[in-house]
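Novice: This is the structure, below, for whatever I ask next.
2 protein chains.
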Amino acid sequence: MHIVDLIAKKRDGYPLTKEEIEFIIQGYTKGKIPDYQISALLMAIYFENMNDEESTYLALAMRDSGDSIDLSEIPGIKVDKHSTGGVGDKVTLVLGPLLASLGVKFAKMSGRGLGHTGGTIDKLESIPGYQVVLEAEDFIEQVKKIGIAIVGQSGDVAPADKKLYALRDVTATVECIPLIASSIMSKKLASGADAIVLDVKVGHGAFMKTEADAVKLAKLMVEIGKLAGKKVTALLTGMDEPLGHKIGNALEVYEAIETLNGEGPKDLVDVTVEIGAHLLLDAQIETDFEVAKVKLQEALQNGTAYEKFLELVEAQGGDLDRLDDPSLLLSKNTVEVLSEKEGYVMDINALDIGKAAMRLGAGRETKEDTIDLDVGLDLHKKIGSYVKKGESIATLYVREKGIDEAKSLILNAISIGNQEKHIVLIKQTIK
Amino acid sequence: MHIVDLIAKKRDGYPLTKEEIEFIIQGYTKGKIPDYQISALLMAIYFENMNDEESTYLALAMRDSGDSIDLSEIPGIKVDKHSTGGVGDKVTLVLGPLLASLGVKFAKMSGRGLGHTGGTIDKLESIPGYQVVLEAEDFIEQVKKIGIAIVGQSGDVAPADKKLYALRDVTATVECIPLIASSIMSKKLASGADAIVLDVKVGHGAFMKTEADAVKLAKLMVEIGKLAGKKVTALLTGMDEPLGHKIGNALEVYEAIETLNGEGPKDLVDVTVEIGAHLLLDAQIETDFEVAKVKLQEALQNGTAYEKFLELVEAQGGDLDRLDDPSLLLSKNTVEVLSEKEGYVMDINALDIGKAAMRLGAGRETKEDTIDLDVGLDLHKKIGSYVKKGESIATLYVREKGIDEAKSLILNAISIGNQEKHIVLIKQTIK
């Protein structure tokens, strides 16, 4: 097999075989095939696409380039969820304890990642003492014992994907649905879960801007999952405004705690319950979708979900006393952002709200950046809210940096007009 | 300017500006832009094409990446020709002396190149003593004095093209008309000539397999030449069978000498005279195309062209005594290839005939290969010839290697049937 022939084959619109894709990924991971041939191939894929089988072979070959997590020691059906990323997305922090409180096994390895805020792992680190690194046996043991563990990624998961992604980033081949789907699924297929719900965000605050693209991505990921023998469901959920109100690491833990205590914002609760209901069915704990939703709502209201969260934090070494008043996790320095107009909030540019949090120090722009866990913002208004001139639309939790920039980003991100607008949050379910 | 933005721009189908193309070529030549970004760009160009202006900017930027030849010291109009490459193409060896004998200034730098046989320079080296390296002043001086010099490429001509070509070769981006046209023209524009005829070969023995592709390439090269201020004509000529009969370095010198003495094969004479007539007009020596053709035919018949050839060889140090019987330049070991069928030659796979010569040692497969100047083959039959079973269809001039392989390549390359077929040699003229 010669790589130049395979580039030509894809360039000419022919599908690559399983063996050819394995040859490419193994050769690239081992450094036998140079970047300049892979980048030409990626651009050919950008133009000529890959079918479902090719995308699956690619995801599997990337999964097999590194370590997979073996959860077989944990009895029962293990579940996982993945979000394609949105502003204010703290669903995992709520969903994990919620599901575990109903008997689902939630063994989650999570990333730090780049973005407006840190990843789930950064957020959990805002709880003093919380240990994100566990030995594999302790991780398994904890899930067996209390039904949940959330730790940082350990081992070398899908190194081929890391290498490919870095190359795509500098060769204008990121925006390619089969490559995006294979990249996400290579890591999900390594996670050891039996059932996975993919939360595909759509809207101007998401990576997928249009519903058509989001559907394509969702369908392909579900297909890859099926071909790889997993139970996969994708939900299309709106990212036309941030999810919930709070954006920032400790701020999102705070809002997760509110939600686990039955006082969460409606959109966050709705998305969490929708995903949770699918996974309760997948885990064969409930058989009726509507009943499952009721059970989940109850667990948020009656304190059992929050109890499980406290069990999780305690098991991983977090200081429970510090959670009695989670507002103490936030920066003491606050700044109000006052509205300059009166009317209904018509639109919120979620990306710019995310950028505002990043400017305050909540997120990383490059892998080397450190983040301030206690900064961020609390957005008091959502699309459809009425706002008066001079009223606070957001509270910033700040250190020194980025305050003016964050203010102006937020003011520009919010469009105020005279119509009370409603948006649809859960758009489609793809199985 | 960021290269990743330029890759995305081309990927999305937008034309690149002059400044952007210069930024890319300068950055790549200096090693500031890595191969893996350029190969992604090349594949994007493969799919999205380049318009005439972009192709011209690319050719000029590649020309300007290295040395250009200054022929301004030579009075009058300097001419050049270029062939896209075919089997048995020894036109330059005949055309140069022929034109010079009629007063045209022919200052030619030629390559060695890869292929079935060596380049023009390798062929001339089969004349004992012929010096292919001349100092720039001596080169100019010789053209001023006798009207012709044919030397090897000196200086660093279009290094960006060399680097790009090597990358295209390993990334399946060779077959892309704007890239082919820019590559050829970058070197032609550096050659210092005022008028250029491009001999674009078409047919299964040529790089361009279809007339439609050959026309595209020809038109684009003519357009680039015009935009760069040169007088450029392209001829489409057939490469459905080898040009002439002899393939191999000394063998082609031999056939050139026959042709310069009025005894050349019709196809070689026709192509040479057609190109020559355009250049006689371009050089303002003749004004009527048909008259020009007659003058050229006469110069081949009356010995003046051959006399000029001898002047050229003498000026560059070649041993004229050895040209009295040019068959002495060939290997003494010959093998006949006998026909296994009887009938008309319906088709000759020129590429396989070229390969046969290469297997005997006449050509290079890699830059490092050495070639045997005295080997090759003399094909006695052309399309339309009648051949009897057991009759010799080719004489091989051999050393030890490749004899059986060459025989079987030749036998398989020649289709024998019952129709007397005629082919059109000069297909189109594009100005």
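Here the protein sequences come in this chain order: L and B.
Converting from the first sequence to the numbering used here requires adding 2 to each position, the first position being numbered 1.
Converting from the second sequence to the numbering used here requires adding 2 to each position, the first position being numbered 1.
Where a beta carbon is used, it is the ideal one built from N, C-alpha and C, also for glycine.
1) Three or more C-beta pairs under 8 Å: does that hold for the region 70-82 of chain L against the region 70-87 of chain B?
2) Taking the beta carbon of Ala214 (chain L) as the centre, do at least 16 other beta carbons fall within 10 Å, making it buried, or is it exposed?
3) Candidates B:His118, B:Val202, B:Leu100: which alpha carbon is nearest Lys369 (chain B)'s?
4) Please name the residue, chosen from L:Lys391, L:Ser333, L:Tyr346, that lies closest to Gly363 (chain L) on a Cα-to-Cα basis.
5) Measure the alpha-carbon distance for Ser103 (chain B) versus Leu43 (chain L) and round it to whole angstroms.
6) Once the 5 residues before and after Asp349 (chain L) are set aside, which same chain residues still bring their CB inside 6 Å of it?
7) Taking all protein chains shown into account, decide if Gln421 (chain B) is buried (16 or more other Cβ within 10 angstroms of its Cβ) or exposed.
8) Give a yes or no on whether 8 Å exceeds the smallest Cβ distance from Phe209 (chain B) to chain L.
9) Taking C-beta pairs closer than 9 Å, name the residues in chain B that Ala162 (chain L) reaches, listed in chain order.
10) Starting from Tyr38 (chain B), find everything on chain L with Cβ-Cβ shorter than 8 Å and list it in chain order.
11) Mind checking which residues open and close the alpha helix (DSSP H) that includes Asp1 (chain L)?
12) Would you list the residues sitting across from Ile40 (chain B) in a DSSP beta bridge?
13) Is there at least one Cβ from chain B nearer than 8 Å to Phe49 (chain L)'s Cβ?
14) Helix or strand or just coil, what does DSSP make of His280 (chain L)?
15) Buried or exposed: which applies to Ala168 (chain L), given that a residue is buried once 16 or more other Cβ atoms fall within 10 Å of its Cβ?
16) Quick check: what's the CA-CA separation for Val217 (chain B) versus Gly33 (chain L)?
17) Could you have a look at Gly378 (chain B) and say whether DSSP puts it in helix, strand or coil?
18) In terms of alpha-carbon separation, which member of B:Val255, B:Pro244, B:Ala61, B:Glu143 lies closest to Pro161 (chain B)?
19) Rounded to whole angstroms, what's the CA-CA distance from Leu353 (chain B) to Glu316 (chain B)? Just pull it up for me.
20) Between L:Lys233, L:Lys403, L:Ala10, which has its C-alpha nearest Val81 (chain L)'s C-alpha?
21) Cβ of Ser156 (chain B) versus every heavy atom of the ligand SAH: is any distance shorter than 7 Å?
22) Assuming Arg13 (chain B) and Tyr48 (chain L) form a contact by the criterion Cβ under 8 Å, report the distance between their Cβ atoms to the nearest whole angstrom.
23) Identify each residue in the region 371-400 of chain B for which the Cβ-Cβ distance to at least one residue of chain L is less than 8 Å, and report them in chain order.
24) According to the neighbour-count rule (16 or more other Cβ atoms, all chains shown, within 10 Å of its Cβ), is Leu414 (chain B) buried or exposed?
25) Compare the C-alpha of Asp124 (chain L) against each of L:Met223, L:Asn351, L:Thr58, L:Val153 and name the closest.
26) Count the other CB atoms within 10 Å of the CB of Met45 (chain L); is the residue buried (16 or more) or exposed (fewer)?
27) For Gly240 (chain L), report the span of its alpha helix (DSSP H) as first-last.
28) Measuring straight from C-alpha to C-alpha, what distance separates Ile373 (chain L) and Arg366 (chain L)?
29) In the region 13-31 of chain B, which residues sit with their C-beta less than 8 Å from some C-beta in chain L, listed in chain order?
30) Please report how far the alpha carbon of Gln39 (chain L) lies from the alpha carbon of Met3 (chain L), in whole angstroms.
31) Who are the near neighbours of Gly392 (chain L) in its chain, counting only those whose CB is closer than 7 Å to its CB and skipping five residues on each side?
32) Determine contact between the region 218-225 of chain B and the region 243-262 of chain B, defined as no fewer than three beta-carbon pairs at a distance below 8 Å.
33) Just to confirm the assignment: which complete beta strand (DSSP E) runs, minimum length 3, are found wholly within the region 48-87 of chain L?
34) Check whether the Cβ atoms of Leu381 (chain B) and Pro267 (chain B) sit closer than 8 Å, and answer yes or no.
35) Per the DSSP calculation, Leu2 (chain B) is bridged to which residue(s)?
36) In or out: Glu338 (chain L) buried (at least 16 other Cβ within 10 Å) or exposed?
Specialist: By the coordinates alone:
1) no
2) exposed
3) B:His118
4) L:Ser333
5) 52 Å
6) The answer, listed in chain order, is Ser417.
7) exposed
8) no
9) Within chain B, no residue comes near Ala162 (chain L); the closest Cβ sits about 16 Å away, beyond 9 Å.
10) Pro36, Asp37, Tyr38, Ile40, Ser41, Leu169, Val172, Thr173
11) Chain L is shown from 3 up to 433; residue 1 (chain L) falls before or after that span and cannot be answered.
12) In DSSP, Ile40 (chain B) forms no bridge with anything.
13) yes
14) helix
15) exposed
16) C-alpha separation (whole angstroms): 41 Å.
17) In the three-state reduction of the DSSP assignment, Gly378 (chain B) falls in the strand class.
18) Distance check between Pro161 (chain B) and each of B:Val255, B:Pro244, B:Ala61, B:Glu143 places B:Ala61 closest, using alpha-carbon atoms only.
19) 34 Å
20) Closest option to Val81 (chain L), Cα to Cα, is L:Lys233.
21) As far as ligands go, the structure on display features none, and thus does not contain the ligand SAH.
22) 7 Å
23) none
24) In the sequence as presented, Leu is not what sits at residue 414 (chain B); that position holds Asn. Label assigned to Asn414 (chain B): exposed.
25) L:Val153
26) Result: buried.
27) Per DSSP, Gly240 (chain L) belongs to no alpha helix (DSSP H); it is in the beta strand (DSSP E), 233-240.
28) 6 Å
29) Arg13
30) 14 Å
31) Leu340, Ser341
32) no
33) 80-85
34) no
35) Since the first residue of chain B shown is 3 and the last is 433, residue 2 (chain B) is not available in this structure.
36) exposed
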